[in-house]
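Read in order, the letters of the sequence shown are residues 1 to 644 in full-length UniProt numbering.
Cβ coordinates follow ideal geometry from the N, Cα and C atoms, glycine included.
Since the model is a prediction, treat every value here as computed from it, not as a measurement.
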Amino acid sequence: MNGSHAAPAGSPAGYRETYARWQADPTGFWGEAAKAVEWIKPPQVIFDASLGTYGHWFPDATCNTCFNALDRHVRDGRAQQPALIHDSPVTGTKTVFTYAQVLDEVATLAAVLQDLGVAKGDRVIIYMPMIPEAAFAMLACARIGAVHSVVFGGFAANELATRIDDATPKIILTATCGVEPARVVEYKPLLDGAIALSRHKPDACLVLQRPQVEASMHATRDRNWRTLTAAARATGRKADCVAVAATDPLYVLYTSGTTGRPKGVVRDNGGHMVALLWNMANLYDVKPGEVMFTASDVGWVVGHSYIVYGPLLHGATSVLYEGKPVGTPDPGAYWRVVAEHKAVSLFTAPTAFRAIRKEDPQAKHLAGHDLSHFRALFLAGERADPDTLHWAQEVLKVPIIDHWWQTETGSCIVGNPVGLELLPVKPGSPTVPLPGYDVRCLDEGGRPVPAGTMGAIVLKLPLPPCALPTLWHADERFREAYLTTYPGYYNTSDAGYIDEDGYVFIMGRTDDIINVAGHRLSTGGMEEVLASHPAVAECAVVGIRDALKGEQPCGFVVLKSGVTQSAAEVEKELVALVRDRIGPVAAFKLALTVNRLPKTRSGKILRATMKKIADGEDYAMPATIEDPAVLGEISTALKGRGIG
Ligand code: COA
Ligand code: AMP
């Protein structure tokens with residue numbers, strides 16, 4: 001592969017100049033940024049507005065993401081540099097993989113996938129814990145042009161089945177277990193359960209037997225990961241990079257929508273590389289050869305972009321951490337990892353810092369850890385509350401960068417681009433729009449609101465490289481969900497405001513999505529589960545404030561008349577049902593039986609008012625409420641549990 005290859009570097013220009021350059025000439029800007037990618041066929045056309053749902057980036061280019069993440073670095077002198085450090089306090093292991101070793105693992109696994117019949121464009125589901133093989137699997141798919149879809153390990157069989165039916169994978173890659181601090185989570189029974197539930201059946205499952213759990217194998221369907229890779233290695237079989245169009249999908253990542261049916265966010269190959277490379281240098285200020293520690297999970301977009309692809313595309317070293325911020329073994333876990341691996345940046349969700357602060361308010365566990373390489377903390381996934389931000393500033397004494405993005409965009413929308421220049425931090429604001437994003441705040445009628453006024457936060461079309469071109473096999477759903485409410489804009493479904501300095505404040509969602517410990521969950525999906533219980537007549541789930549997780553789901557249920565079970569019994573079953581159908585990650589622990597739900601006269605459940613009551617906030621009595629007395633009943637039920 002010979003293309004022009006410019007080492008990505010932070011722009012010498014400051015933020016305002018860079019943003020203005022993008023505004024003046026978006027295609028020139030991204031055309032320039034695209035030079036950081038080594039293309040097979042470099043783009044002649046940067047953007048074609050006539051293609052797809054709102055246009056396509058780099059429509060005539062071809063490339064391979066794995067080549068850019070591995071091969072070129074091995075070729076260019078990074079063969080012996082660590083690419084991936086697996087640090088796993090839950091299993092007591094640490095393993096370093098150089099770029100040459102990762103390339104060998106990935107090319108071998110890619111050959112195994114080809115032997116199993118996987119070809120360009122086929123989907124591969126990856127249902128794996130935080131182990132290096134999960135990253136190898138993603139890169140192996142990228143290598144042969146297959147489309148991976150990683151499913152987070154904390155999701156239950158039912159959620160996995162939904163994704164199997166939507167993505168229709170040729171094969172599924174899994175490991176026998178994940179290791180949580182208090183228990184070992186067996187993946188194989190969940191996978192078997194999912195395949196039993198799904199209409200689509202994969203041709204094969206490649207199963208990695210972990211030492212903690214030896215799983216039984218399905219005789220004809222399941223294949224042993226280590227046996228097949230060892231056989232490929234013995235014969236020296238490795239797969240070459242397959243050329244794909246820049247617009248071909250690299251992955252589909254499912255994220256919560258407003259119903260139980262998740263949205264398959266499509267990520268293309270070319271735009272993804274261009275944007276991540278630009279961000280590594282200009283937003284995260286990580287240099288090739290330096291170490292980035294992103295404490296998330298490969299099942300989330302943060303893990304895709306900044307545990308796997310971003311650092312590797314950039315020639316940096318990524319820490320893949322299998323542990324928690326607290327309890328593995330103590331609240332100094334992150335400091336140890338940062339110090340030991342000389343990480344220059346840490347990226348995690350604010351909830352992790354709330355957890356650390358709760359256990360170690362004086363940050364005593366920082367003592368003895370040399371953080372002299374550490375330059376910045378990046379927070380995303382939920383709003384960084386000013387209290388947590390101040391604490392982190394005080395104890396770490398480095399810039400604390402809140403930045404806002406979504407699974408849909410794949411990279412940051414609003415941030416503080418430290419690689420360009422560190423802008424003054426305003427607590428509660430992720431700072432300013434990055435190049436590519438024209439962020440507006442509109443009222444319900446689609447009119448711009450004055451500075452400082454709350455409204456819907458929208459993004460002027462077209463979206464920049466990396467942002468989703470559509471949903472998997474669902475262009476119409478994509479248009480309806482994102483493009484129709486505010487014509488000409490992408491609706492983020494976040495509400496907030498923009499102040500007179502252009503700082504954006506993201507205050508919460510305008511839809512049924514809640515954010516629990518940085519995990520995006522659908523209350524609509526939980527309501528579907530509650531409603532399926534035979535004793536439940538109707539229900540409503542709202543996200544209520546939680547000091548640690550930001551929000552936690554609270555389900556209000558009305559039982560059918562004639563139900564003989566006690567309310568307490570039903571509530572217990574409902575908690576178990578959500579855990580069983582959605583997974584432990586939903587953290588659904590609170591089901592409350594009430595006699596009635598508050599509704600408008602037209603029958604709309606007043607979820608926002610219920611949330612305000614639970615959060616102990618003042619609320620205006622909705623003018624259209626059917627019976628105001630119901631709100632008192634809700635308040636009493638919540639107070640009975642010490643809430644509100
Ligand atoms: N596989 C299986 N189960 C999982 C899992 C996985 N990969 N990840 C989490 N779970 C389980 C947990 O064990 C827990 O189960 P439990 O109800 O039996 O205790 C449940 O899902 C909820 O997990 P979580 O939301 O992580 O809560 P927690 O109480 O275990 O930990 C934090 C709270 C704050 C420490 C944790 O959420 C955290 O580290 N968050 C910060 C990083 C992050 O994940 N960011 C995401 C996006 S950037
Ligand atoms: P996800 O798709 O899981 O990354 O979740 C995206 C949603 O999380 C956004 O739409 C916001 O509601 C919320 N979010 C993510 N980062 C931030 C942030 N920095 N500030 C406020 N909200 C955030």
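Own chain partners of residue i with C-beta closer than 6 angstroms, once the 5 adjacent residues on each side are dropped
i    : result
D285 : V418, G419
F58  : P43, A246, G270
G178 : P129, G153, V185
S4   : Because S4 sits at a pLDDT of 39, beneath the cut-off of 50, its placement in the model cannot be relied upon, and the following sentence gives the value as read from the coordinates. Excluding positions up to five away in sequence, the list reads K35.
Y309 : L276
Cβ neighbour criterion (16 or more within 10 Å) applied to residue i
i    : result
N2   : In this predicted model, N2 has a pLDDT of only 39, less than 50, meaning its place in the structure is not dependable; the value taken from the coordinates is given anyway. Burial call: exposed.
R226 : exposed
T62  : buried
G583 : buried
R641 : exposed
Q406 : buried
P361 : exposed
N279 : buried
R199 : exposed
K611 : buried
H473 : exposed
A6   : Low local confidence applies: a pLDDT of 42 at A6 is under 50, so the model's placement there is unreliable, and no value is given.
R357 : buried
A316 : buried
D25  : exposed
Residues near residue i in its chain [Cβ-Cβ closer than 7 angstroms; skip 5 each side]
i    : result
D268 : A246, T247, D248, P249, L250, P469
V585 : F152, G154, F155, H519
H365 : D330, P331, G332, W335
A111 : A232, R237, K238, A239
L442 : P448, V449, G455, A456, V458, Y486
V395 : A363, L366
A140 : V106, L109, A110, L113
V90  : V179, P181, E322, G323, T328
G644 : I613, A614, G616, S635, L638
W22  : F29, P435, G436
L190 : A156, A157, L160
Of the listed residues the options, nearest to residue i (C-alpha basis)
i           : options                : result
N491        : D203, T624, R520, V458 : V458
A363        : A339, W391, P386, V344 : W391
G410        : K611, D360, G264, V106 : G264
T348        : M217, I400, H365       : I400
Y486        : G77, K460, K358, S88   : K460
G508        : Y19, A537, I544        : I544
S216        : A629, A481, E186       : E186
L116        : P169, Q565, A376       : P169
L548        : R607, F29, R354        : R354
L208        : I131, G260, R143       : I131
residue 646 : G145, A161, S88, A69   : Given a span of 1 to 644 for the chain in the structure shown, any question on residue 646 remains unanswerable.
T564        : D60, P534, L577, Q81   : P534
V344        : E359, L320, S372       : S372
A591        : T93, M621, T609, L559  : L559
S602        : T593, D627, A620, V578 : D627
Short CB-CB distance (under 8 angstroms) between residue i and chain C
i    : result
D546 : In the structure shown, chain C cannot be found, because there is only a single protein chain.
Beta bridge counterpart(s) of residue i as assigned by DSSP
i    : result
I506 : G496
F47  : W57
F97  : L84
F347 : T294, F378
Q552 : I544
T174 : Y127, V207
C539 : V557
A245 : T62
S149 : I125
A456 : L442, A495
Integer-rounded CB distance, given that residue j should sit under 8 angstroms from residue i
i    : j    : result
A157 : H148 : Not really, about 20 angstroms apart at Cβ, beyond 8 angstroms.
T176 : V213 : 4 angstroms
P430 : E382 : The Cβ separation is near 11 angstroms, so there is no contact.
D499 : G428 : So it is not a contact: roughly 10 angstroms between Cβ atoms.
Y99  : R78  : 5 angstroms
C205 : R223 : 7 angstroms
G562 : V516 : That belief does not hold up - the Cβ atoms of G562 and V516 are roughly 34 angstroms apart, past 8 angstroms.
I413 : V439 : 7 angstroms
beta-carbon residue i near the ligand MG non-hydrogen atom, thresh 7 angstroms
i    : result
R509 : This structure lacks the ligand MG; the ligands present are the ligand COA and the ligand AMP.
Spatial neighbours of residue i in its chain, beta-carbon cut-off 8 angstroms, leaving aside the 5 residues before and after
i    : result
G14  : L420, E421
P202 : I125, I164, P169, K170, I171, I172, I195, R221
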